[in-house]
Amino acid sequence: INVSVVVGNGDRQESGSYGMGGRKGFGEFLVEESWKHAAKEALRQALVNLEAIPAPAGTFDIVLSSGWPGVMLHEAVGHGLEGDFNRKKTSAFAGLMGQQVAAKGVTVVDDGTMAERRGS
5 INVSVVVGNG DRQESGSYGM GGRKGFGEFL VEESWKHAAK EALRQALVNL
55 EAIPAPAGTF DIVLSSGWPG VMLHEAVGHG LEGDFNRKKT SAFAGLMGQQ
105 VAAKGVTVVD DGTMAERRGS
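Quick look at the structure:
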């Protein structure tokens, strides 16, 4: 179930949403506490967005750590770096071992030797 809210002020409109799911009966989403929580959260997001100002534009140095930034990086390029896609030569990176594949200044380190960690 996804709840979407649109709010406006003058000529500006913004939206917010909240999603619920899982392995449970549909009726559990219709419990008043559940749908009120979803509606309040969607409204909160929309109101935050309505007050938001544009992010600064330009070139910035950034550091991405493990966790969600790592997941984002993995989804963007990681699947193409996986061995099975390279073995089958279906990856955009196939045959590029040892070559620069990103812009200067981009460094990604993946260490599969770290015990009991993802990819090990």
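Just so you know, we're using our numbering here: the sequence shown kicks off at 5 and counts up by one.
By construction, the Cβ of each residue, glycine as well, lies at the ideal position given by its N, Cα and C atoms.
How many angstroms separate the CA atom of Asn13 from the CA atom of Thr94?
Position 9 of the sequence shown, counting from 1, holds the residue named residue 13. Position 90 of the sequence shown, counting from 1, holds the residue named residue 94. Cα-Cα distance, rounded: 49 Å.
Which first and last residues belong to the alpha helix (DSSP H) in which Arg91 is found?
Counting from one through the sequence shown, the residue named residue 91 turns up at place 87. Counting along the chain, the alpha helix (DSSP H) containing Arg91 begins and ends at 87–91.
Based on the DSSP secondary-structure assignment, which residues constitute the bridge partners of Val11?
Taking the first residue of the sequence shown as position 1, residue 11 is located at position 7. According to DSSP, which records beta bridges pairwise, Val11 is partnered with Glu18.
Which ranges does the alpha helix (DSSP H) cover as unbroken runs of at least 4 residues, wholly within the stretch 45–96, from first to last along the chain?
72–77, 87–91
Keeping to the same chain, check which residues put their C-beta closer than 6 Å to that of Gly23; ignore five residues upstream and five downstream.
The count along the sequence shown starts at 1 and reaches residue 23 at position 19. Here the set comprises Asn6.
Contact under 8 Å by Cβ, Ala46 with Ser8
Taking the sequence shown and counting its residues from 1, the one referred to as residue 46 is at position 42. Taking the sequence shown and counting its residues from 1, the one referred to as residue 8 is at position 4. Yes. Within cutoff.
Mind checking whether Glu18 and Asn53 have CB atoms under 8 Å apart?
In the sequence shown, the residue the question calls residue 18 occupies position 14. In the sequence shown, the residue the question calls residue 53 occupies position 49. In contact: Glu18 and Asn53 (Cβ atoms closer than 8 Å).
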